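Asker: Listed in order, the protein sequences are those of chains A and B. Each residue of the first sequence is one higher than the one before, counting from 121 in our numbering. Each residue of the second sequence is one higher than the one before, counting from 77 in our numbering. All C-beta atoms, glycine included, are put in the ideal place defined by N, C-alpha and C. These figures come from a predicted structure and were not determined experimentally. I have a structure here, written as C-alpha cells, and I will follow up with some questions on it.
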Amino acid sequence: MIEDLVIETKGLRKTFISKERRGKKEVEAVKGIDLAVRKGEIFGFLGPNGAGKSTTQKMLSTLLCPTGGEAKVLGFDLADQQEQIRQNVGCVSQAGGADMASTGVENLVLQAQLYGLDALTAKKYAAEFVERFQMTSFIGRPASSYSGGQKRRLDIALGMINHPQLLLLDEPTTGLDPQSRAYLWGEIKKLKAEGVTVFLSTQYMDEADKLCDIIAIIDNGKIIVTGTPGELKSSVGGDTIVFSFLSEEIARNAEALLTEKVQVEKVQISNNSIHLNIKDGERMMPELLRSLDAKNLEAQSVMLSRPSLDDVFLKYTGRSLREDEHIK
Amino acid sequence: MFIRNMQHTLKSPIFVFVSMFQPLMYLLLFMPLLNGLGSVPGLPSGKAVDVFIPGLLVLEALFGTAFVGFSLIDDIRTGVIERFLVTPVSRSAILLGRVLRDAVVLLVQCVLITLVALPFGLSVNVGGFLLSLLLYALIGITMASISYGFALIYKIEDALAPTLNTITLPVSLLSGIILPLALAPIWLQDLAKINPFSYAVNATRALFAGNFQNIGIVEGFVVIGILAILVFEWGLRSLKKMAS
Chain A
121 MIEDLVIETK GLRKTFISKE RRGKKEVEAV KGIDLAVRKG EIFGFLGPNG AGKSTTQKML
181 STLLCPTGGE AKVLGFDLAD QQEQIRQNVG CVSQAGGADM ASTGVENLVL QAQLYGLDAL
241 TAKKYAAEFV ERFQMTSFIG RPASSYSGGQ KRRLDIALGM INHPQLLLLD EPTTGLDPQS
301 RAYLWGEIKK LKAEGVTVFL STQYMDEADK LCDIIAIIDN GKIIVTGTPG ELKSSVGGDT
361 IVFSFLSEEI ARNAEALLTE KVQVEKVQIS NNSIHLNIKD GERMMPELLR SLDAKNLEAQ
421 SVMLSRPSLD DVFLKYTGRS LREDEHIK
Chain B
77 MFIRNMQHTL KSPIFVFVSM FQPLMYLLLF MPLLNGLGSV PGLPSGKAVD VFIPGLLVLE
137 ALFGTAFVGF SLIDDIRTGV IERFLVTPVS RSAILLGRVL RDAVVLLVQC VLITLVALPF
197 GLSVNVGGFL LSLLLYALIG ITMASISYGF ALIYKIEDAL APTLNTITLP VSLLSGIILP
257 LALAPIWLQD LAKINPFSYA VNATRALFAG NFQNIGIVEG FVVIGILAIL VFEWGLRSLK
317 KMAS
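What follows is the structure, given as C-alpha cells:
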C-alpha cells in the first residue's frame, strides 16, 4: 500500500437483501468501487440521492459489513481491524445523531467518553470544541431547541471529538441555510489546513467544486469518473464564448470569420449572438476580438463561461444532477 | 452508557409514575374482588393481598419493561445508535446501559407499589422482599432485552407493538398472577410449567411470605437468571447484526 493513502478500496461492494412479496430481491447499493484518498486532501464523493454515498461511508466507518471487495482505512484493514478504525476515524452521518433530549455539552462529553477518555479529559475536549465551533451561547440547552445550523455544528463536533486523522462527512450541508453552509465550508477548509483528511459526500456541485481537491462522481453504485475539479471540467470540452452584435447580419458575418480563423467545436447563432464552444477560450478571446475589430465587426458584449461540474455530471451520466434533486 | 440513559429518565420522571398506573389500578379496582373469593379452592392460603402483590410486581416487571424498545427505535432513527457504534465502545455496553437503567426504574416502581400496598394489609418479610427485588430486576432485564432485540430487528414501531403484546399477554396469563393456576384445567397447568415467569411468581410469593426453604425460590432465580443471560446475548447479537 502506498504510504500516504488514507482510504484505499478495491472492488468494495454492498448488496442488500430486501424482502418482497415474492421471495427475496437483491439490491446492489454499491457495485464495486475503487477509491484512493490521499492524506490531507478533501475528497469529494459526489452523486445524487441513492447513488451509494451513504452506504459507502457506512462501510468505511465499520457500520456496515461490505458484501465484497477489500478496503484499508488509515492503513487498517476494514475486515479485521475495526477497533483501530473506530478509534481513529471521525464520522458524521447524515442524520447527525445528536441526542435531542440532552444538552450539547452532555452529548459531547459522553461521545468523548465513548472513545475511552476519562471524565476530566472528556470535559476538556468538549469545551475545546464548544469554543472552536462558537457554540457557547446555546450549548447548555437541550439539542432539541437548536436551529438547523447549530445542530449541524454540534453533529460535526461530535464526529470530531476524538481528534481523528480522517473525518467522514455525509452531506454535511444538506438542508442548511446559506450562512450556515458558508460557515461549515470555512470549518472544513480549516480542517484541511490542520492536516485532517476529509471524505466529503455531497450532492451539491458547487460544494464539491469549491472545497474538494479530488472529486469522484458516483452514480448508481459505481464511480463514473475521478479527478480534480479542473480536470473534470476540462474533460467536458472547451469554454463557451458568447459574442453579441447589433444585428443578425453582423453576427453571421462574424461567424463566417471566426469559424475560418479558429478551430471551434460547436457554433450556434441565436438572435444577434454567436455561441462558440472553444478550447482554451480564455486565451483565445483577445485574438478573436482583434480579428473582429479588423473587419469592423464590432461586438457589443462578450461573455466567457467555463464548464461547471453540472456539465461534467451531464456528460458522464446523461442526466442533470439537478433533475434528480427535483424528483426527490 | 448507563448514566446517559439514567439522565434521560430523570429528565422526564413523570413517565416513571405513569407506567405505575396499571398495577395501581389492579391494586385498587381488582384486588377487592379477591377478598370476596377468600375460600375458593386452589387459592393459596393467606390473605389475598399477600398472594396478589408479589404477582402484581412480576406483572409490573413484565409490562413496565416490555415496551422500552420504542425508545431505542427513536435512537436508531435519529442516528444516535450509529453515532455510538462508530466509536470503539463495546457493543455490549450500549445495550447493557439501557437494560440496567430499565431495571433501576423498575425497582423504584416496585418499591413504590409495595409501599402503597402496605395500608391494604400487606405483610411482607423484609429480607424476602429485598431478594424479590433482585428477581424483578432479572425479569426486567429479560423483558427489556427482548424488547430491544425486536426493536433492532424491526427498526419500526408498527411491528414492535403487536410482537411485544403477543409475548407479554400469554406469559402473564400463564403465570398465575391474576388468578391462581390451581383453578386451571390440567392442560393449562402443564402449559404454565413451560412459562418461565410462573416460576418467578412462585418464588416471589414464597419470598414475601418468608418461606426461605421453598425450593421454588431457587427454581425461580435459576430459570429467570438463565433466561436473562440468553435473551441479553440475543439482543446483543441483533445489535451487531445491524451491520450486515
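#1: With DSSP collapsed to three states, give me the class of A/I447.
#2: Going by DSSP in three states, B/N241 sits in which element: helix, strand or coil?
#3: Beta carbons nearer than 7 Å to chain A: which residues of the region 152-170 of chain B have them?
#4: Any idea if A/V387 is buried or exposed, counting beta-carbon neighbours within 10 angstroms, 16 or more meaning buried?
#5: Do you know offhand how far B/A279's Cα is from B/V175's?
#6: Determine which residues of the region 217-235 of chain A have a Cβ less than 8 Å from any Cβ of chain B, and write them out in chain order.
#7: Spell out whether any CB of chain B is found under 9 Å from the CB atom of A/E291.
#8: Quick check: what's the CA-CA separation for A/A191 versus A/G269?
#9: Under the assumption that B/F143 contacts B/S223 (Cβ atoms under 8 Å), give the Cβ distance between them as a whole number of angstroms.
#10: Could you check which residue in B/G197, B/V180, B/V156 and B/Y275 has the C-alpha nearest to that of B/V294?
#11: Less than 6 Å between C-beta atoms, sequence neighbours within five positions excluded: which residues of the same chain meet that for B/D151?
#12: Can you name, in chain order, every residue of its own chain whose Cβ lies under 8 Å from the Cβ of B/F106, other than the five neighbours on each side?
#13: Contact check, A/V318 vs A/L289 under 8 Å by CB: the rounded distance?
#14: Are the CB atoms of A/L304 and A/P292 within a distance shorter than 9 Å?
#15: Using only alpha-carbon positions, find the residue among A/V225, A/A232 and A/K271 that is nearest to B/T163.
#16: With three or more beta-carbon pairs closer than 8 Å as the criterion, would you say the region 353-360 of chain A touches the region 188-202 of chain A?
#17: With a threshold of 16 other CB atoms inside 10 Å of the CB of A/S421, please say whether the residue is buried or exposed.
#18: Compare the C-beta of A/K173 against all C-beta atoms of chain B and say whether one is closer than 9 Å.
#19: Please classify A/Q233: does DSSP put it in a helix, a strand, or coil?
#20: Counting along the chain, where does the beta strand (DSSP E) carrying B/M321 start and finish?
#21: Hey, would you say the C-beta of A/L132 is under 8 Å away from at least one heavy atom of the ligand GDP?
#22: With burial defined as no fewer than 16 other Cβ atoms inside 10 Å of the residue's Cβ, what is the status of A/R439: buried or exposed?
#23: Roughly how many angstroms lie between the CA atoms of A/A171 and B/L183, to the nearest whole one?
#24: Residues in its own chain within less than 7 Å of A/E146 by CB, not counting five upstream and five downstream?
#25: Quick test of the definition: if touching needs 3 or more C-beta pairs under 8 Å, does the region 181-199 of chain B touch the region 120-139 of chain B?
#26: Kindly confirm or deny that the region 146-163 of chain A and the region 327-338 of chain A touch, where touching means at least three C-beta pairs closer than 8 Å.
#27: Quick one: measure Cβ to Cβ for A/L429 and A/P349, integer angstroms, because I've assumed they're closer than 8 Å.
#28: For A/K159, which residues from the same chain have a beta carbon less than 7 Å from its beta carbon, with the 5 sequence-adjacent residues on both sides left out?
#29: Of the choices A/S222, A/K178 and A/D275, whose alpha-carbon is the least far from that of B/L161?
#30: Assess contact between the region 165-181 of chain B and the region 195-204 of chain B, defined as three or more Cβ pairs (one per stretch) separated by less than 8 Å. Is contact present?
#31: Name the residue from A/M404, A/C211, A/K353 and A/L408 whose alpha carbon lies nearest to the alpha carbon of A/A376.
#32: Mind checking the region 188-212 of chain A against chain B and listing, in chain order, the residues whose C-beta falls within less than 7 Å of any C-beta there?
#33: Report the CB separation of B/V247 from B/L133 in whole angstroms; it is logged as a contact under 8 Å.
#34: Under a Cβ-count criterion, where at least 16 other Cβ atoms within 10 Å of its own Cβ denotes burial, should A/K271 be classed as buried or exposed?
#35: Can you give me the start and stop residues for the alpha helix (DSSP H) that B/N278 sits inside?
#36: What does A/M423 pair with, by DSSP beta-bridge criteria?
Answerer: Inspection of the coordinates gives the following:
#1: Your numbering for residue 447 of chain A matches position 327 in the first sequence. Any reading at A/I447 needs caution, since the residue's pLDDT is 42, under 50, leaving its predicted position unreliable; the model's value is listed next. In this structure, DSSP gives A/I447 a helical state, which the three-state scheme calls helix.
#2: Counted from its first residue, the second sequence places residue 241 of chain B at position 165. Here B/N241 sits in helix by DSSP.
#3: T154, G155, V156, E158, R159, F160, L161, V162, T163, P164 and V165
#4: Here residue 387 of chain A refers to the residue found at position 267 when the first sequence is read from its first residue. Exposed is the call here.
#5: Here residue 279 of chain B is taken as the residue at index 203 of the second sequence, counted from 1. Here residue 175 of chain B is taken as the residue at index 99 of the second sequence, counted from 1. Near 23 Å, if we compare the C-alpha coordinates of B/V175 and B/A279.
#6: Within the region 217-235 of chain A, the qualifying residues are G217, A218, D219, M220, A221, S222, E226, L230, Q231, L234 and Y235.
#7: By one-based count along the first sequence, residue 291 of chain A stands at place 171. No, A/E291 lies away from the interface with chain B (no Cβ there is under 9 Å from its Cβ).
#8: Looking up residue 191 of chain A in the first sequence gives position 71. Looking up residue 269 of chain A in the first sequence gives position 149. So the two alpha carbons sit approximately 33 Å from each other.
#9: By 1-based counting over the second sequence, the position of residue 143 of chain B is 67. By 1-based counting over the second sequence, the position of residue 223 of chain B is 147. Their Cβ separation, rounded to whole angstroms, is 6 Å, which keeps B/F143 and B/S223 in contact under 8 Å.
#10: For the purposes of this step, residue 294 of chain B is taken as residue 218 along the second sequence, with counting starting at 1. Ranking the options by Cα distance to B/V294, first place goes to B/Y275.
#11: For the purposes of this step, residue 151 of chain B is taken as residue 75 along the second sequence, with counting starting at 1. Within the same chain, Cβ atoms closer than 6 Å to the Cβ of B/D151 are found at I157, the five residues on either side in sequence being excluded.
#12: By one-based count along the second sequence, residue 106 of chain B stands at place 30. For B/F106, where only same-chain residues beyond five positions count, the Cβ hits under 8 Å are I254.
#13: Locating residue 318 of chain A in the first sequence gives position 198, counting from the first residue. Locating residue 289 of chain A in the first sequence gives position 169, counting from the first residue. Contact holds; Cβ gap of about 6 Å.
#14: Taking the first residue of the first sequence as 1, we reach residue 292 of chain A at position 172. Taking the first residue of the first sequence as 1, we reach residue 304 of chain A at position 184. For A/P292 and A/L304, yes; Cβs fall inside 9 Å.
#15: Here residue 163 of chain B corresponds to residue number 87 of the second sequence, with the count starting at 1. The shortest Cα separation from B/T163 among A/V225, A/A232 and A/K271 belongs to A/A232.
#16: no
#17: Position 301 of the first sequence, counted from the start, is the residue given in the question as residue 421 of chain A. So A/S421 ends up on the exposed side.
#18: The sequence position of residue 173 of chain A within the first sequence is 53, counting from 1. Output row for A/K173: interface = no.
#19: Sequence index remark: in the first sequence, residue 233 of chain A carries index 113 (1-based). Helix, per DSSP.
#20: Beyond the ends of chain B as shown, which are 77 and 320, falls residue 321 of chain B; an answer cannot be given.
#21: Absence of the ligand GDP from the depicted structure is noted, as is the absence of any ligand whatsoever, leaving it without description.
#22: As a position in the first sequence, residue 439 of chain A is number 319, starting the count at 1. With fewer than 16 Cβ atoms within 10 Å of its Cβ, A/R439 is classed as exposed.
#23: As a working mapping, residue 171 of chain A is identified with position 51 in the first sequence. As a working mapping, residue 183 of chain B is identified with position 107 in the second sequence. Between A/A171 and B/L183, the C-alpha separation is close to 49 Å.
#24: Here residue 146 of chain A refers to the residue found at position 26 when the first sequence is read from its first residue. Only T135 and I137 meet the Cβ criterion.
#25: Using a Cβ-Cβ distance cut-off of 8 Å, the region 181-199 of chain B and the region 120-139 of chain B are in contact, since at least three pairs of beta carbons, one from each stretch, lie closer than that value.
#26: yes
#27: Residue 429 of chain A sits at position 309 when you count from the first residue of the first sequence. Residue 349 of chain A sits at position 229 when you count from the first residue of the first sequence. With 8 Å as the limit, A/L429 and A/P349 qualify as a contact, their Cβ atoms being about 7 Å apart.
#28: As a position in the first sequence, residue 159 of chain A is number 39, starting the count at 1. Here the set comprises D124, V126 and T317.
#29: Position 85 of the second sequence, counted from the start, is the residue given in the question as residue 161 of chain B. Out of A/S222, A/K178 and A/D275, A/K178 has the C-alpha closest to the C-alpha of B/L161.
#30: Touching, no, given that fewer than three Cβ pairs across the two stretches are closer than 8 Å.
#31: Along the first sequence, one-based indexing puts residue 376 of chain A at 256. Out of A/M404, A/C211, A/K353 and A/L408, A/L408 has the C-alpha closest to the C-alpha of A/A376.
#32: E203, R206, Q207 and C211
#33: Along the second sequence, read from residue 1 onward, the residue named residue 247 of chain B stands at position 171. Along the second sequence, read from residue 1 onward, the residue named residue 133 of chain B stands at position 57. Incorrect: roughly 15 Å between the Cβ atoms, too far for contact.
#34: By one-based count along the first sequence, residue 271 of chain A stands at place 151. With 16 or more Cβ atoms within 10 Å of its Cβ, A/K271 is classed as buried.
#35: What you label residue 278 of chain B is simply residue 202 of the second sequence in a count that begins at 1. First-last of the alpha helix (DSSP H) with B/N278: P272 to A285.
#36: For the purposes of this step, residue 423 of chain A is identified with residue 303 of the first sequence, where counting begins at 1. For A/M423, which the question treats as bridged, DSSP gives the partners A/V362.
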